[in-house]
Structure formats: C-alpha cells, structure tokens
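Presented below is the structure to which this report refers.
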RNA sequence: GCCAACGUAGCUCAGCGGUAGAGCAGCCGAUUCGUAAUCGGCAGGUCGUCGGUUCAAAUCCGACCGUUGGCUCCA
C-alpha cells in the first residue's frame, strides 16, 4: 500500500502499516519526534493503522494537536494513579469503576465510581503519582478485542459502565483498548488517539478539582466522582491559565458587589433574592433608564403588569403544563389561586385583549421592566447571574407575519446598539431553528417563512450568526446573542423569539384590512435579559470600573484639610447642578486615606481641593486615564464630565 | 435536586475538645496633612440553625439552612 505525504510524495508501506511505520519510513529523526499522525485531516496515533491511500501528516510536539493527545493520555495516567491509590488502600479492582475520561478545553477529566469519596489531599497524591507515571515513560499499546470478549472482561471485573459503553457501540465497530505499563499497569477501553508513551506528556499539568457528575449527565443515573485537570504544552501556558483564574476571581461580581457596596444577599430574605444598596440601585436605575430611552425612541410603549396573576391564565397559556417546575408554588386564597409571575407574555397578551386593535395599530410594541419570580433549583443559584427574583427588560411585539422580518431587524438593532454602549463588542447570534422531530407547533410553511425572515434580517443587519437545528422552542424560532466579556467568557444575554402559538391560545385578535379577525404573531424579546444578570456580567467585564454614566458616584471631592470642606461642598453642589453624582470625603479623614477609599470604590473622578484650586477656581483630579491633572477650570471640567455622562461614553478621552 | 468543600465580629481570616482572637471597617480623642492606609483608645460574636456524644463542643457526630465549585465538551 501507499500513503500521501503533505509535500505530495507517495510513500510505500507494507499492508496494515501504522502511524509509527509512516514516521519511521520518512526518517529516524521524525520517528523519534513523532507523537501522532493526522489521517486525511483527522487526528490519529502512532499505534493505529493507516488506511491505504490516505493523506498522512506526522504530529510532533510543536503541533497543536499534540496537546489533545497529551490531555487524553493524561486522563488515562490519572485513572491509573487512582486505581493504584485504591489498590494501595486494599480495595480490589472490582471496587474501582471507570466511567469516561475525555479531553476538554484546557485539560481533561475522568469519571470514577469509587468506594469512598476523594478529598483534596487525594488529589495531591494522585497528581504526584501521575508525575511518576509520566517519568516512568510507559509505552501505550493498542489492541482490539471481539465484542463478546470485551464484554466478558468488564463483566468479570464487575464494571457496569464499560459494559454499557460497549453495548452502545454500533455492531461491527472495532472495540479497542489502550494498555500502559503492561498487565500490571492500566488498561482502558478507548478509541484513542493517544501518545505513544507517557513520557511524551509535557509535565505542565495540575489537578484542579473533584466534583460530582451523573453518569452520562442523566440525573436518574448514579453520580460519579469527576476529577478535573488542566494541561499545557509549556510552563508559561499553565501559569498563564492559573493567573487567568486568579484574575477572574478578582473580578468576581459577588466580591465586587460587596466591595463597591452595590448589593448583598441575606439568609433572612432567602436564597437567590438579591438586595440592592443605594449604590447598586443607582446602577440598576441607570441601566434601566438607558434601555427605556432606547425603546421609546424606537416606538415601544411601556406598560406595567404587577407581580401576581391567577393561575388560570397560566393554564391557558400553557405555562403550567410546560414550566410549572420553574414556578413558585401556588398561593391559594379561598376559591382563587394565584401565582408569582414567571414571565410577562400572558399579562401582555391580556393587555392586548383589553383594547380593540386593527391592522393599523400593528406592529404594537409593548415593553415592561418587570420583576419575575422563578424557582431556580438551589444548585443553580449563583450570585446575580442566576437568581430567583429578577428584573427583565421584556417586550412583546404584536405584528403580522409579513412584519416579522422588519420587527426582528429593529429588535436586532436595539440589541446591538445596547451591547455596543456597554463595550460588549464581541458577540454572535445563535439562530435556533426547528429540527425534524415533532414537538413543534404551526405548519412547516409558517416555520420556513419565519426562518427565512430571520436569516434575511440577520444578513441585512450584518450580524454574524450560527444556526442550531433542533434548538428552537416548540412555539417558534429564536435568536440568542452570545457575547464575550473582557476575559473571553461567553454569556447568553439578549434573546429574540418568534411565537406562533401563545397569541392564539390566549385569544389575541386584530381586525385585518378586509374586516376579518386575525391572530397576530408575537415576538418575545429581551435586550439585557435580566438586569441582575447583566449587571453581574458587566461588573466582571469592567472589573468593577464602571463607565462614568453608570458609576454610582461619578466624582468624589477630597478636601486637603478640613478648612477646604466648605469649598468642597460648594463644588459638589456645582456638580450636582450639572446632573452629576458627586460626594465629599468623610470629615477628619486624611487626604491620602480619602483618595485610597475613593479608589477602592472605583469612583471615576477624584478631585483634590486645596488653597490653589480655591484661589484659581480650578480642579485637580485623578481619573483612570489621567492619573494626575492639575489646574483645570471648574466649568470646563463640569462640562466635560456631564457631556460624556449624558452621551454614555465608554472611554473618556482626556480633557482637551 | 444531586455530589464535594466551606460557614467564627460589617469585611478578610486565625483558633480545631478545657471559660472566643487579629487586621481592616465602626465609635471617641488627638492630628489639619497636596494624589492609594496618621496615631492612641473604646466597642463589637449565644462561632449558620437545631439536635446528639462528652464532666466539658467553635472544635467530634447527625439533620437542616446557606455559600462555592461541578452535574455529557460522550469509549
């Protein structure tokens, strides 16, 4: 047989040649450096056969794919270390069960079913043993077994997970094993690919945590212990990764919320129910004001529909049938049962029904900043990003089918303008479409027309999008905005959804041009999603350095001594008259301490006031961009700040 | 919900069977000072809650509550 090399040359090889033989045939130097191969672009290893006629590239440690092999092999090395740890404690092989051990971003994990739980000390021991196994440079052997033999082996070991994995493999699939360190070492059912020997693993790895994970992610299955590890090609990359985790910790919005005195949680109030301090409420209010202005500008009307709704409405809307688990339990008052509002749509549709609308009134854009209550499972709660009471900047657009594209495009524009203002420049849209399975309502043509309308709108707005088939809600297609923050973490924020079903369930109708009654299509849409969640995201995005327009306190005046306090007060009044949020340092506080305190609160402008400034009618200040500016006329300073705040400018250029 | 770790003063944390500690913040006093912590004093906690073991529990055990990380990126 022969294979094709990247330079176009053909290489003659014996039948059933492996990746290793390819590398050896090219040259002894490459054979030593070879860690794996790519066969027709797909990663494979030196232990595996190469099909005749394939294009083959040899992977060396410079290749990015080498890390995939290393991480995969590390998962096996870890499994061996765990197996040995338990054997050393006197447990038999049949008491240590292996699940799966795949490669993940930056590392790997392995799921174990063990006779006792692992603790952090175990991780250290396992990691230490892993380093020994890597140093021992054990060769990895690959071999295949017939299905019944493979099954028999794991049945004998009493390993239910591997048995299940084998049973789920399609008939005719070759069942392969990788063995390291011979019979006494470690053997695992695995399709590969792997490094040729454990010594080829770069020693830049670290076990991070142990966590519970359901077998195959299924809550009805047993919970296994998952050990996570990270691994990199170089020490620098590993250190960078660990540094990034530290950095993310520093930016944690929960920590910032405390330090900047924005919000708090209290046992007395309940889990997932945030309380906002004055500073936090200012930020919330500014966020809401911004979206409200934008919506008004784009022809939205704002409404208000309260907190409680009769359960009956949610029965008709279908929420009880589909969503009851996420709702708080009913409140029974005599004959009437109420629910805390988990969504606004039924309320807005009821509002729609309270008036008599004609086609001339469409599209009708109804927006609300509503407090919603969702009974999130306790394990899902996390700071502000997952709460049980949330404020949604929700809107429903009642329109005709023909108007979908235009209204969708308008909603897209609002979302984009909003994300831009917050400096979330890096985002794409996930367009979720129906799959072939039959949970979807409405007819195929309706879906097809709506799908085309959404694509056309995305194209005309020039938004990057990826399509996800089968991810749509049962009631219609949707577009979710995935935005990356300053640390590159992805968040799902805005959403725009088409709904073909709820309006008819709740009897929404308008009078068409020909006098007939028609049911409108509804677009559900949220710009920032929940205010709480969005605040959490931007706090981490800005690392707490909120832009001027959002900062709860925009200017802090620090008098040099108490004799400058009156002047400082007057200055604050001047700032406030210009619509700026300003404050004075505490009485008796030394200047340096006052500056420090203001810096820790991340106040954008700190004004130092002494004799010089009072005489000249100027300010001296420090800001993020200008660490030491002196002698700026008060009026110019006020004008500069209020203009930038009003314009919601993200990065304020130095004062001319 | 499930698994693991954690829960001590407003915050950060020490103490881990023998009557509760520090720094910061707070309060009082002194200091009046040019861009990230002035000095001294005072006060502050039924150690998350409930129960158990013990002569004795913040410390050991259990339950509950809360927080954090994780719960398919499929051999």
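Numbering (our numbering), first residue to last: 7 to 662.
Think of the CB as a built atom: it goes at the ideal place given N, C-alpha and C, for glycine as much as any other residue.
Being a predicted model, the structure only gives us computed values, none of them experimental.
- For residue 342, the enclosing beta strand (DSSP E) begins and ends at 342-346.
- Rounded to whole angstroms, the separation of the alpha carbons of residue 491 and residue 336 is 38 Å.
- The residue from 512, 531 and 530 with its alpha-carbon nearest to that of residue 524 is 512.
- Going by beta carbons, residue 76 and residue 52 fall outside the 9 Å limit.
- Apart from sequence neighbours up to five positions away, the residues of its chain that approach residue 386 with a beta-carbon distance below 6 Å are 392, ordered along the chain.
- The straight-line gap separating the alpha-carbon atoms of residue 388 and residue 334 is approximately 18 Å.
- Spatial neighbours of residue 345 in its own chain (CB-CB distance under 8 Å, excluding positions within 5 residues in sequence) are listed in chain order as 314, 315, 316, 317, 320, 333, 334, 336 and 337.
- In the structure shown, the three-state DSSP call for residue 588 is strand.
- Per the C-alpha coordinates, the member of 534, 39, 100 and 239 positioned closest to residue 119 is 100.
- Looking at 39, 575, 88 and 488, the one whose alpha-carbon comes closest to that of residue 205 is 39.
- In terms of Cβ geometry, residue 209 and residue 140 form a close pair [threshold 9 Å].
- Ranked by how close their Cα comes to the Cα of residue 557, the residues 138, 61, 428 and 14 have 428 in first place.
- Cβ-Cβ separation between residue 182 and residue 150: approximately 5 Å, consistent with a contact (criterion under 8 Å).
- By the C-beta criterion, the stretch 233-252 is judged not to be in contact with the stretch 274-286, since fewer than 3 inter-stretch pairs fall below 8 Å.
- Cβ-Cβ separation between residue 507 and residue 562: approximately 53 Å, too far for a contact (criterion under 8 Å).
- Put simply, the stretch 47-64 touches the stretch 21-35. At least three CB pairs are less than 8 Å apart.
- Going by beta carbons, residue 211 and residue 80 fall inside the 9 Å limit.
- Within a 10 Å sphere around the beta-carbon of residue 128 sit 16 or more other beta-carbons, which makes this residue buried.
- Under the 10 Å beta carbon count, residue 310 is surrounded by fewer than 16 other beta carbons and is classified as exposed.
- Taken in chain order, the complete beta strand (DSSP E) segments of 3 residues or longer contained in the stretch 116-187 are 146-151 and 181-186.
- Between residue 312 and residue 353, the C-beta spacing is below 9 Å.
- Beta-bridge partners assigned by DSSP to residue 104: 118.
- A contact between stretches requires three or more CB pairs, one per stretch, nearer than 8 Å, and the stretch 395-405 meets this requirement with the stretch 372-379.
- At the C-beta level, residue 144 and residue 107 stay beyond 9 Å of one another.
- Here residue 310 carries a coil assignment [DSSP, helix/strand/coil].
- Annotated as proximal: residue 485 and residue 435, with beta-carbon spacing under 9 Å.
- For residue 13, the closest of 48, 64, 7 and 35 by C-alpha to C-alpha distance is 64.
- Excluding the 5 residues flanking it on each side, residue 66 has same chain C-beta neighbours closer than 8 Å at 36, 39, 40, 41 and 72, in chain order.
- DSSP, read as helix, strand or coil, puts residue 241 in helix.
- Rounded to the nearest angstrom, the gap between the Cα atoms of residue 238 and residue 184 is 22 Å.
- Ranking 579, 456 and 430 by CA distance to the CA of residue 528 puts 456 first.
- Counting the other Cβ atoms within 10 Å of the Cβ of residue 327 gives fewer than 16, which makes it exposed.
- Contact check between the stretch 282-294 and the stretch 539-549: three or more CB pairs, one atom from each, fall below 8 Å, which counts as touching.
- Residues 584, 585 and 586 of the same chain have their beta carbon placed closer than 8 Å to that of residue 648, with the five preceding and five following residues left out of the count.
- Under the three-state reduction of DSSP output, residue 383 falls in the coil class, being neither helix nor strand.
- Counting of Cβ neighbours within 10 angstroms places residue 250 among the exposed residues, the total staying below 16.
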